[in-house]
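Quick notes on the structure that follows.
In UniProt numbering, the protein residues as written are 1 to 487.
Structure below.
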């Protein structure tokens with residue numbers, strides 16, 4: 001950088017050069033000075049309008065607006081999946097309280113509860129059309145037949161068990177037996193498969209009920225979006241692997257969205273979709289313009305570096321150092337180009353989603369979110385033209401490698417502590433305390449029964465103003481608060 005500064009500030013040539021070389025040097029010096037000017041200085045020097053700055057500001061507004069619109073639609077999709085998960089748990093899990101216990105939904109502790117919960121799943125599946133309040137139904141195969149529910153039990157192949165004599169004989173090989181349940185034969189499944197439900201619980205490992213449902217997300221109609229069709233692959237597992245007397249019941253859903261095959265909608269939703277497609281196309285056009293302008297600036301910078309290197313070598317027999325070469329290669333332009341490419345890809349995916357050709361909401365959100373982050377980060381470049389901000393940016397640039405090394409060291413210590421705590425303390429952690437609070441002692445229970453704190457005779461004659469201001473928080477204990485004893 002020192003060589004470059006000395007070259008720019010040089011007024012008299014030390015070497016004997018021709019008049020043509022002097023003119024060439026002066027022209028190069030002017031071009032270099034102009035290249036390192038801010039957009040405002042360029043406008044004052046040659047009247048060049050800051051098109052890149054205008055495009056970047058316009059791009060920030062449009063990409064942020066696009067991200068907000070897509071985020072609102074994506075939020076509807078995510079909420080639809082989560083609410084369907086909750087609805088299916090309430091439909092198919094007997095005595096479901098609405099709150100999962102740890103990683104499972106329901107737990108049963110005796111054989112009758114296992115049978116009741118299992119039969120409840122089959123009965124609810126048979127009556128799904130009369131029970132569900134949402135637009136959800138059975139899935140069909142290519143021939144139009146309803147897909148049945150598949151129920152499989154997995155158990156040890158052979159075994160005898162006598163806990164009183166501390167004796168057992170178990171064949172660790174597992175066997176799987178399955179049956180299918182057609183919702184049309186709701187009254188016959190118990191008699192036709194009675195042997196299947198003869199369970200040996202000491203050999204039973206798990207029972208899995210799998211079935212497929214179809215649904216339509218109609219809430220997107222009111223948000224100016226065409227509805228999506230969904231396939232719900234539901235798996236209900238009765239987990240008895242621990243053989244601890246506690247059977248855990250899980251309900252897992254794999255949701256896949258797809259474009260509806262036959263749809264018709266009237267009103268303004270389809271027209272609004274066309275407007276959004278036009279807006280996305282304009283975003284792509286702005287991003288292309290930004291990428292072209294930044295690419296042009298990089299090409300001009302490379303050519304200017306080549307001119308400077310050639311003149312410097314011919315006239316001064318010096319080679320341009322790496323630090324001076326890096327001054328010509330502006331990393332902000334690369335950042336803007338990358339953000340433009342991500343925004344273009346994300347906009348194309350968004351247009352395909354709106355046209356119902358794709359349903360990759362997660363992939364599109366990654367592209368749009370990352371591009372928006374990089375676009376906002378790219379604006380920092382224009383803060384360099386203000387002296388106070390420039391000092392801050394230079395400080396951040398110089399400190400970034402050291403901060404990164406510190407984060408790596410701190411992250412390793414944190415990971416070591418996390419794994420140690422997970423192994424040593426994790427098995428003994430009472431997670432129920434997080435939900436229900438710590439158990440109360442007899443003294444704390446006794447104190448909680450006292451609604452009002454007793455007031456002595458002297459304190460009752462205290463000044464009214466002092467009572468209302470200083471001691472107002474100490475005169476009663478709220479009913480739901482925990483009492484903490486401090487000695």
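All residues carry an ideal CB built from backbone N, CA and C; glycine is no exception.
Values in this document were obtained by computation on a predicted structure and should not be read as measured data.
- Boundaries for residue 228: no alpha helix (DSSP H) harbours it, while the beta strand (DSSP E) harbouring it runs 228-239, taken from the DSSP string.
- Residue 146 carries a strand assignment under DSSP once its states are collapsed to helix, strand and coil.
- Within the DSSP secondary-structure output, residue 179 pairs in a beta bridge with 151.
- Note on geometry: alpha-carbon atoms of residue 248 and residue 241 lie some 9 Å from one another.
- Shown here for residue 107: same chain residues with a beta carbon closer than 8 Å to its own, the five before and five after excluded, namely 101, 246, 247, 248 and 249 in chain order.
- Where residue 323 is concerned, the enclosing alpha helix (DSSP H) starts and stops at 322-328.
- CA-CA distance, residue 332 to residue 257, rounds to 38 Å.
- In chain order, 356 place their CB closer than 6 Å to the CB of residue 259, counting only its own chain and leaving out the 5 sequence neighbours on each side.
- Closest in C-alpha terms to residue 275, from the list 147, 69, 334 and 51, comes 69.
- Boundaries for residue 193: no beta strand (DSSP E) harbours it, and the DSSP string shows neither H nor E there.
- The beta carbon of residue 298 is closer than 6 Å to those of 333 in its chain, skipping five residues each way along the sequence.
- Cβ atoms of residue 311 and residue 25 come within 8 Å of each other, at about 6 Å.
- Looking at the DSSP output, residue 258 sits in a beta bridge with 229.
- In the DSSP annotation of this structure, residue 204 is not part of any alpha helix (DSSP H); the continuous beta strand (DSSP E) holding it starts and ends at 204-217.
- Taking residue 184 as reference, the option from 76, 353, 426 and 145 with the minimal CA-CA separation is 145.
- A contact is defined here as three or more CB-CB pairs under 8 Å, and the region 113-126 meets this definition with respect to the region 191-207.
- 225 is the residue among 139, 225, 91 and 167 whose C-alpha sits nearest the C-alpha of residue 76.
- The shortest C-alpha to C-alpha distance from residue 120 to any of 350, 344, 94 and 445 is the one to 94.
- Pairwise C-beta distances place the region 49-58 in contact with the region 283-295, as three or more of them are shorter than 8 Å.
- Between residue 231 and residue 139, the CB-CB gap stays under 8 Å.
- As the crow flies, the alpha-carbon of residue 212 is around 16 Å from that of residue 86.
- With respect to the 8 Å criterion, residue 124 and residue 92 are classified as neighbours on the basis of their beta carbons.
- When C-alpha distances from residue 244 are compared across 109, 27, 443 and 29, the shortest belongs to 109.
- Judged by beta-carbon spacing, residue 283 lies within the 8 Å limit of residue 66, meaning their Cβ atoms are closer than that value.
- For the set 204, 143 and 33, the Cα lying nearest the Cα of residue 152 is the one of 204.
- DSSP assignment within the region 330-393 yields no whole beta strand (DSSP E) run of 3 residues or more.
- Per the C-alpha coordinates, the member of 444, 229, 418 and 309 positioned closest to residue 322 is 309.
- Residue 87: not part of any beta strand (DSSP E); member of the alpha helix (DSSP H) spanning 51-92, first to last residue.
- The continuous alpha helix (DSSP H) containing residue 121 extends over residues 111-126.
- Excluding residues up to 5 positions away in sequence, 74 and 77 lie with their Cβ nearer than 6 Å to the Cβ of residue 361 in the same chain.
- Here residue 441 carries a coil assignment [DSSP, helix/strand/coil].
- Note that the C-beta distance between residue 349 and residue 364 is below 8 Å.
- One thing to note: residue 336 has its Cβ within 8 Å of the Cβ of residue 378.
- Less than 8 Å separates the beta-carbon of residue 84 from that of residue 215.
- Shown here, residue 165 sits in a helix according to DSSP, grouped into three states.
- Following the DSSP letters along the chain, one finds residue 108 inside the beta strand (DSSP E) bounded by residues 106-108.
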